[in-house]
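Notes to accompany the following structure.
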Amino acid sequence: MKKSKIAAVALASLMSVSAMAGCTKTPGATTAGSTAPGETSGAAPAQIKEFSAFFAVPATTEINKDNEIQKIIADKIGAKCNETWLAGQEASEAVGVFIASGEYPDFINGGDAMKALYEAGALIAWDDYIDKYPNIKEFFSDYEWSQFRQSDGKIYWMNPFENIYGEDKTTTQNGEAFWIQARVLEWAKYPKIETLDEYFKVLEDYNAANPTTHDGKKNIPYTMLCDDWRYFCIENAPQFLDGYPNDGSCMVNLETKKIMDYNTTPTAKRYFKKLNEEYQKGIIDTGAFTMKYDDYISKLSTGVVLGMCDQWWDFAYTVNDVFKTQDTEKYGYNYIPLGLTIDKGIENQWYTSGGTLNVSSGIAITKNCKDIDGAFKFIDDLLSQEIHDLRFWGVKDVDYKVDDNGLFYRTEEMRKNAADPTYKTKHLCTYSYFPQWSGTSRDGKNAMMPTEQPSEFKDSLPEPVKKVFDAYKVNTYVELLHSVNKAGVWFPMYSYSNNMKTDTAGGTAWTKMGECKHQWLPKVVMAKDFEKTWDEYMKAYAACKPEDFIAEMQQELDRRIKAYDDFVASQKK
Amino acid sequence: MKMKRYHAGDIIFEVFLVLFLVIFVVVTLYPIINTLAISFNDGFDTIVRRIHFIPHQWTLDNYKAVFAKEGYRMGAVNTVVRTVAGTLISLIVNAVLAYVISRKRFLFKKSFSLFWVITMYVNGGLIPTYLVYQKLGLTNNFLVYIIPGAVSAFNMLVIRNYMNGIPDSLEESAQIDGAGYFKIFYSIISPLCKPVYATIALFVAVYHWNSWFDAMLYNKMHDELTVLQYELMKQLQTAMRSAGSVEGLKNSGTTITPTSIRAAATICTMVPILFIYPFLQRYFVTGLTIGGVKE
Amino acid sequence: MASNTIRPEDLQAHKKVKVWAEAKRQPFLLISSALLLIYGIIFYYIPVFGWVTAFQDYKPAKGFFGSQWVGLAKFQKLFENKTFFLAFRNTLCMGVINLVFHFVTAIAFALILNEVRIVFAKKFVQTISYMPHFLSWIIVTAIVRDILASDGIVNEFLMNVCGNESPIDFFAIKGYFWWIVAFSNVWKETGWNAIIYLAAITAIDPSLYEAADMDGASRLQKVWYITLPSLRPTIMILLLINIGNVLNAGFELQYILGNDVISDVSKILDVFILDWGISQFDFSFGTAAGIFKSLIALILVCLGNWTAKKTGDERLF
């Protein structure tokens, strides 16, 4: 009896196995009529094109099959795209498997491994298509498009991000800064803080006068995150302190057009010496070098940390939310960015306006795509204002309202919905790795993205931060930095160094330099004898052959400058 | 006298035993209870204070977030099917293999053993393996969950080791009665191997239940072939990503964090598989039959 | 000298006949082994042809036949890297420590559990014991970090009871790391690892215990003289299998618990391979490192097997 029962279960499961195996044989693309049941709208186009996409980055949101806005968009433009994201794998591995097997989705964003896709001949050249699709063409200036050209002179992908339409609506310093809690500034009567020394002086003085938080926890005047790739928080400040923008891996001398190494400058030494002094004084968190990212977030969230150097996106979303929900923002725990330099009188470039074009990766169409024109049209349609609003604002009167002046706004309820995971998966569809605008909407009033809408921004500011803004007479975080934009046509250089691999001498040096800095920077900061340790570090650093790296970067810099000159020359003709 | 010594030693032994077990249970249960507490605690609250045994701010949001995605339904079905089918097939194949290799008179006993032992330590790497599966039509196919992993040298060796402990006399007397090798396997050896079969069934079932790598590698572009743990894995990465993205919009009122959602997801996947073991435990009866048969 | 009467040819012919006769007696064994052989070749051995990529500058687009041959350059790159030896040493040491802890704790736990007479308690404890196996490493490490944090339970104990003046930063001290890893492994896997021994204990002939009772053996003596020796074949097999896995000393645990201050002892081979191979789109480098690991594993296993042969223990092959 029992035996036959088990056999029956086995057989049943086997049969369902083979049934499923059969299912998969039907091609996934362009299956008409696969719209969800319950769809009765007669106005729907007869056939909705289905594209597939793979993004070699982890998802920010994965949406449901019957996502509502995805459906609305599909009905309007006659196409949808099923997105697959990287999960549990290295981007290079995922891309490597695609290349080896020759099975590509219609769209692909290979992340760091974009070049490999190009070299494998997996991508469709865009040159013959761009002019046909106005929204795509408009996305970049001719010069910007030219920067995407590969070694064969053709364009194969476009970066979807950080592109500003019309007036810049940026309010937050999304990039790096030295941050300081609002409560410290208030206590110090909103002083002018311009240098590293002044910054630490304020932190020390405040901590001496107020050693604890509202609930009696001991303050940590300064901490720094060194966890894995996030060690930029300690590592790259010297470039900013010298007044250079975030080229990420080097500085570019504006006059001589030469690559400079920010790791070995006198400023770098002064910066780490300062950190070393403060560490010996007990101002810097002793657990800084062993903490992990979530430890760091926990520390910041309890409000004990007075200051640190970091990029906004790395901490603010979680930490500010915690302050809000735990009702601790009234104590002035929110962080204010400061545009510090090593000495007074240096113009800083912590904030670089106008968007940052990273040409090293983006969305591409593969040779396996059966309907190339359809794919381009899909991207083009996603950039039209109507669809763009649907993607980022949502459905009118459901996700946002319009006031008498035509300005979009959201109620508290709507904001809550927009961040609710369940709502996001079933209702919102941003196609988040397809091209998108920030800046001002084509209506000239609203922001392209809800986060940049002035009313949305002001409403969300806590009282102590508003006071800081008033005291310094500014309206946004960005204005606090007093940054001056001087970035050259080559900016940002990291779009090249990010993709360097160990197959070149420069790339090998780059990887070794990274390992070396990881190993030595904690030692340098903690050293009893700073000078001696610094010299040892410099010796170890020199052994990584940074000159190989610099040389390769110089080559790329020269190439970029020449490409620009050539472009200008060709325009004149 | 003899009796007294016997008792004294045993009492100390017994006290030690109880003490050990109590400590063991506490130490082992702590991470489970901790995870359970975090799964029911407000995510942001977990960030600012340490949760030990009891949630501080009760919430069901973490569980709601886990089930926000519809992929779970499909994933759960596939996982159950692969766990049941995969375990049965694996068990049968490994048992046959172990039986063959453990026969004293099997002509290729040694070389065949070596053949399988090697498979434990060499592998061709991700891409070559993918290409082989692709050629066999196993990519974008449910069968990739069942077939490639069916034989495992480790499981085979554990069964073989157990079979080696069964006296040869049983086989010999059956052969005298005219039984073939299959008959001996089916009606004499296998019934004696219940405890080890139960062990291997548990190993394989847990392996299938927890697997996501194969779904990610071979079926990632086919949502209908997803498995439970892969959905969870994706959900976690999403939570992690959106904690640091524009979409994890500020001042939103939801308080899901990677830590809290991970705890809830862990509890959700752990509970079903925990029931397998008590079910298999009844086959772990000491001295089942071998002792009896031997006489 | 009986051999004088038998010529070598006869002996061979005799053997052939014997083999043939034996083969005819075991069709089930031969057929099933043939099928399994084909299966093994397809799923385990054919992919190993991928090892040729270690001697190429493999590019997925060019395939196995189109990629450029570079001889031993990838191995050279591997062995010239100073970090490689550091990672190799760390992996080996952690692997050996884990191996020892794994065996001692799992066997001890199985033996102790076997002595529990109350069936309910036994089942209860065992069910609990393997539950941590289902927690992911990320969760376990988070708890380990909590416990060992500067304001964690261990430091509170040390400061309040043992009179330490300041908390110890356990993750900043190189000497502790391997033991923290070992402890975490024990905590998570002991109950799970014990299952195999518990199953093996069921095969012990009860009459052995009855005989020991007659002789007035204490329970400890019975454990020592009956249970443990009966487990010997199982222990040997698992030991032999796991010797080959010492270089797979885990990945997530070291990756999550390690940090820059103690990277000298926390960096392991798999992380190194990831950093220098796969992340660099250099799959050949990863394959070369994989071959190195496989060779070490096979050498260790063969040595172990040979030793087992000498001592007359259960062998793998």
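Protein chains in written order, with this note's numbering: chain A, 1 to 573; chain B, 1 to 295; chain C, 1 to 317.
We put the CB at the ideal spot given by N, CA and C, even for glycine.
Just so we're clear, the structure is a prediction, and the values are computed from it rather than from any experiment.
Check each candidate in the options and name the one with the smallest Cα separation from residue i.
i	options	result
C:Lys122	B:Val22, B:Tyr230, B:Arg103	B:Val22
A:Phe551	A:Ala100, A:Met260, A:Asn475, A:Lys367	Reading off the sequence shown, one finds Ala at residue 551 of chain A, where the question assumed Phe. For A:Ala551, the nearest C-alpha among the options comes from A:Met260.
C:Phe281	C:Ile291, C:Asp57, C:Ile168	C:Asp57
A:Leu340	A:Phe469, A:Ile297, A:Ala177, A:Ser438	A:Ala177
A:Lys49	A:Lys80, A:Lys71, A:Trp145	A:Lys80
A:Glu93	A:Asp106, A:Asn320, A:Gly111, A:Cys369	A:Gly111
B:Ser152	C:Asn248, C:Ala61, C:Ile241	C:Ile241
C:Cys302	B:Gln281, B:Tyr121, B:Ile189	B:Tyr121
B:Val271	B:Ser187, B:Gly86, B:Gln281, B:Trp209	B:Trp209
A:Lys257	A:Met553, A:Ala569, A:Lys573	A:Met553
A:Gln349	A:Asp371, A:Gly248, A:Leu428, A:Lys370	A:Gly248
B:Cys268	B:Glu231, B:Val81, B:Leu280, B:Leu29	B:Glu231
B:Glu70	A:Glu68, A:Asn64, A:Lys71, A:Ile69	A:Asn64
A:Glu386	A:Ala509, A:Ile72, A:Glu62, A:Glu456	A:Ile72
B:Ala237	A:Glu90, A:Tyr351, A:Glu515, A:Lys137	With the sequence shown as reference, residue 237 of chain B is identified as Gln, and Ala is not the correct amino acid for it. Ranking A:Glu90, A:Tyr351, A:Glu515, A:Lys137 by Cα distance to B:Gln237 puts A:Glu90 first.
Exposed or buried, which one is residue i when buried takes at least 16 other CB atoms within 10 Å?
i	result
C:Asn114	buried
A:Ser495	buried
A:Thr411	exposed
A:Thr212	exposed
C:Trp306	exposed
A:Cys544	buried
A:Glu83	buried
A:Leu275	buried
C:His102	buried
B:Val18	exposed
C:Gly71	exposed
C:Asn164	exposed
A:Ser570	exposed
B:Trp58	exposed
A:Glu347	exposed
Throw me the rounded Cβ distance for the residue i and residue j pair, which I believe falls under 8 angstroms.
i	j	result
A:Arg230	A:Tyr279	Contact doesn't hold; Cβ gap of about 19 angstroms is too wide.
A:Tyr576	A:Gln147	Nothing in the structure corresponds to residue 576 of chain A, since chain A is present only between 1 and 573.
A:Leu481	A:Pro245	Between A:Pro245 and A:Leu481 the Cβ distance is about 12 angstroms, and since that is not below 8 angstroms, they are no contact.
B:Asn41	B:Pro31	Not a contact, Cβ separation roughly 15 angstroms.
A:Gly88	B:Ile127	Not a contact, Cβ separation roughly 17 angstroms.
A:Val304	A:Asn219	5 angstroms
A:Thr290	B:Phe44	Actually they do not touch by this definition, with Cβ atoms about 24 angstroms apart.
C:Trp218	B:Asp10	Per the sequence shown, residue 218 of chain C should be read as Ser rather than Trp. Rounded, the Cβ-Cβ distance is 6 angstroms, consistent with contact.
C:Leu231	C:Ile107	7 angstroms
C:Asn98	C:Ala182	6 angstroms
If the cut-off is 7 angstroms on Cβ atoms, which residues from the region 43 to 61 of chain C count as contacting chain A, listed in chain order?
Per Cβ criterion, the list reads Pro60, Ala61.
According to a CB-to-CB cut-off of less than 7 angstroms, which residues of the region 415 to 428 of chain A neighbour chain B?
Arg415, Lys416, Ala418, Ala419, Asp420, Pro421, Thr422, Thr425
Relative to chain B, which residues along the region 444 to 462 of chain A have a C-beta separation below 8 angstroms, given in chain order?
Met449, Pro450, Thr451, Ser460
Beta carbons nearer than 8 angstroms to chain A: which residues of the region 240 to 261 of chain C have them?
Ile256, Asn259, Asp260, Val261
According to a CB-to-CB cut-off of less than 9 angstroms, which residues of the region 44 to 75 of chain A neighbour chain B?
The region 44 to 75 of chain A vs chain B, Cβ under 9 angstroms: Ser52, Phe54, Val57, Pro58, Ala59, Thr60, Thr61, Glu62, Ile63, Asn64, Lys65, Asp66.
Check whether the region 464 to 474 of chain A and the region 159 to 169 of chain A are in contact - that is, three or more C-beta pairs closer than 8 angstroms.
no
Should the region 209 to 227 of chain A be regarded as contacting the region 344 to 360 of chain A, the criterion being three or more beta carbon pairs within less than 8 angstroms?
no
Name the residues in the region 278 to 309 of chain A whose C-beta lies less than 9 angstroms from a C-beta of chain C; which are they?
Thr286, Gly287, Phe289, Thr290, Met291, Lys292, Asp294, Asp295
With 7 angstroms as the C-beta to C-beta threshold (strictly closer), list the residues of the region 56 to 72 of chain B near chain A in chain order.
Lys64, Ala65, Ala68, Lys69, Glu70
For the region 259 to 281 of chain B, which residues have a CB atom closer than 8 angstroms to at least one CB atom of chain A, in sequence order?
Thr259
Chain A contacts made by the region 143 to 158 of chain C, where a contact means CB separation under 9 angstroms:
Arg145, Ala149, Ser150
The region 391 to 404 of chain A in contact with the region 441 to 453 of chain A per 3-pair CB rule at 8 angstroms
yes
Check distances from the C-beta atoms of the region 97 to 116 of chain B to those of chain C and list, in chain order, the residues that come in under 7 angstroms.
Leu97, Val100, Arg103, Arg105, Phe106, Leu107, Phe108, Lys110, Phe112, Ser113, Leu114, Phe115, Trp116
Answer yes if the region 132 to 151 of chain B comes into contact with the region 171 to 182 of chain C, meaning at least three C-beta pairs across the two stretches below 8 angstroms, and no otherwise.
Result no; under three Cβ-Cβ pairs closer than 8 angstroms.
Against chain B: residues of the region 102 to 115 of chain C by CB proximity under 9 angstroms:
Correct list: Phe109, Ile112, Leu113, Asn114, Glu115.
If contact is defined by three or more beta carbon pairs under 8 angstroms, each pair taking one atom from either stretch, is the region 75 to 86 of chain B in contact with the region 193 to 202 of chain B?
no
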